[in-house]
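Only one structure is covered here, and it is reproduced in the block below.
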Amino acid sequence: MAKIALLDQSTINQIAAGEVVERPASVVKELIENAIDAGATAVTAEIKDGGISFIRITDNGAGIEKDDIPTAFLRHSTSKIQSIEDLLTIGSLGFRGEALSSIASVAQVELVTKTRTAFTGIRYLIEGGEEQSMTEIGCPDGTTFIVRNLFFNTPARRKFLKSAMTEASYISDLMERLAVSHPDISFKFINNNKTVLHTFGNSQLKDIIYHVYGRTIAAEVVTVENGNEHISISGYIGKPIISRGNRNYENYFINGRYIKSNIINKAIEEAYRPYSMQHKYPFTAIHFSINPEFIDVNVHPTKMEVRFHNFEELYQLTLNTIRDALNSTNMIPKVSLSE
Ligand code: ADP
Ligand code: MG
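Numbering (full-length UniProt numbering), first residue to last: 1 to 339.
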């Protein structure tokens, strides 16, 4: 008898889900990135129990056509790219077509959606990867996803979750970053029936910094603005006095995507070095807009890393931009630089 066999679809999806859906915050991230890609101008995230028992993401974006719904939940199904070359011009956050299939394979999912041209909305239920029902329903334009009982069918995964309070704090951090990453979108975050974040979506990054980080930080930031033919940089950086003992405030975004990059960290920290920044990390909220041809976003399933074709250039531009901004604010370095 043959010993090697192809796994069934639901097992394949559950295994794949391990890469994309690590915890409730990953579900919130994927669903909100989809809302952003759908052109939403307002997104509400509501969670209960740290998102473990209940997550609801509502957007006013394009909605999903009835006939597309079952396909959207298949692995590797996407409306965002057709071939790998499309990544050279990609403007969307998603493209791997993995989130919905992954989430639906490890949770109970309810989708309510309506496109602007459809007469009625659709309510679709899928649980552990198994379609339950699809019915017509009256609803506003846009999309709502409700995700209940994450990892209900994978107890081993569920055991790795932290307390509801800790999981909620991961989601809260994520919501803040999303708000800072998209000043043009109004975000609302409701945790256990309490609204804890609400941004206007008026495109004013400074307002969001005020909202998210408070008045003290917002009062001590300076503008950064620079660019060349394929990279442009804009945003705010904190004066050295508001530096922290960890990198949590070092935020930057590439083409609307929150990422982590050693190169950018290094450039930022090098720029602040004259200000006696040992073991201190600055506040930054910097948006990089980079020609997609110069980066590779397809590095990791969670898309938290980006490869740069010319990282030296990015490093230098970032360093110079921040250095100039710090120099021009007349701050006297605490360490005098002897010749
Ligand atoms: P990806 O985002 O990589 O395309 P997903 O599994 O996250 O893959 O989503 C599959 C598809 O479902 C998307 O390509 C999109 O067409 C559709 N979709 C998902 N969420 C939404 C939403 N909130 N509004 C409109 N369409 C959506
Ligand atoms: Mg997606």
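From the three backbone atoms N, C-alpha and C, an ideal C-beta is built for every residue, glycine too. Computed from a prediction, not measured in an experiment: that's the story for all the values here.
**Asked** At a cut-off of 7 Å, is G94 close to ligand 2 when judged by its beta-carbon and the heavy atoms of the ligand?
**Response** Answer for G94: yes, Cβ within range of ligand 2.
**Message:** Along the chain, where does the beta strand (DSSP E) containing K114 start, and where does it finish?
**Reply:** Unbroken beta strand (DSSP E) run through K114: 108 to 114.
**Prompt:** By DSSP, does K29 sit in helix, in strand, or in coil?
**Reply:** In this structure, K29 counts as helix in the three-state DSSP scheme.
**Message:** Whole angstroms are fine: how far does the CA of T302 sit from the CA of T321?
**Reply:** If I take the Cα positions, the gap works out to 29 Å.
**Request:** Flag this pair as touching only if the region 210 to 223 and the region 256 to 275 have three or more C-beta atom pairs under 8 Å; answer yes or no.
**Result:** Note that the region 210 to 223 does not touch the region 256 to 275; fewer than 3 beta-carbon pairs, one per stretch, sit closer than 8 Å.
**Counterpart residues of F145 in DSSP-defined beta bridges** = Partner residues in the beta bridge of F145, as assigned by DSSP, are I57, L111.
**Item:** Test item: CB-CB of G138 and A40 under 8 Å
**Value:** Not in contact: G138 and A40 (Cβ atoms no closer than 8 Å).
**Item:** L174 versus L7, E33, R323, F95, residue with shortest Cα-Cα distance
**Value:** The shortest Cα separation from L174 among L7, E33, R323, F95 belongs to E33.
**Item:** Distance, F253 Cα to A285 Cα
**Value:** Straight-line Cα distance between these residues: approximately 8 Å.
**Prompt:** CA-CA distance, L88 and H230?
**Reply:** Roughly 13 Å separates the two Cα atoms.
**Item:** Inter-residue Cα distance where the pair is E339 and Y315
**Value:** At E339 the pLDDT is 44, less than 50, meaning the model places this residue with poor confidence and gives no usable figure here.
**Message:** Helix, strand or coil for S338? Go by DSSP, reduced to three states.
**Reply:** Here the model assigns S338 a pLDDT of 49, short of 50, so the residue's position is not dependable and the matter cannot be decided.
**Beta-carbon spacing of I209, F288 below 8 Å** = Contact flag unset, no.
**Message:** Are there any heavy atoms of ligand 2 lying less than 7 Å away from the beta-carbon of N34, as far as the coordinates show?
**Reply:** Answer for N34: yes, Cβ within range of ligand 2.
**For I47 and N246, believed in contact at Cβ under 8 Å, the rounded distance** = With 8 Å as the limit, N246 and I47 do not qualify as a contact, their Cβ atoms being about 25 Å apart.
**Prompt:** Would the beta-carbon of A285 be found less than 7 Å away from any heavy atom of ligand 2?
**Reply:** With a cutoff of 7 Å, A285 does not count as near ligand 2, since its C-beta is closer than that to no heavy atom of the ligand.
**Request:** Within its chain, find whatever has a CB closer than 6 Å to the CB of A35; leave out the 5 residues flanking it on each side and keep chain order.
**Result:** V43, D59, G61, listed in sequence order.
**Request:** Within 10 angstroms of the Cβ of H309, are there 16 or more other Cβ atoms? Answer buried if so, exposed if not.
**Result:** Of the residues assessed, H309 falls on the exposed side of the cut-off, its CB having fewer than 16 other CB atoms within 10 angstroms.
**Prompt:** If we count the other Cβ atoms within 10 Å of its Cβ and call it buried at 16 or more, is Q132 buried or exposed?
**Reply:** Here Q132 is exposed: its Cβ has fewer than 16 other Cβ atoms, across all protein chains shown, within 10 Å.
**Message:** Let me confirm a value: F160 is counted as buried when at least 16 other C-beta atoms fall within 10 Å, else exposed. Which label applies?
**Reply:** Exposure of F160 is indicated by the presence of fewer than 16 other C-beta atoms within 10 angstroms of its C-beta.
**Request:** Kindly indicate which three-state DSSP category I4 falls into: helix, strand or coil?
**Result:** Note: I4 maps to coil in three-state DSSP.
**Request:** Inspect the beta-carbon positions of S102 and A16 and report whether they are closer than 8 Å.
**Result:** The answer is yes: Cβ separation under 8 Å.
**Request:** Could you check what DSSP says for E220 in three-state terms: helix, strand or coil?
**Result:** If DSSP states are grouped into helix, strand and coil, E220 belongs with coil.
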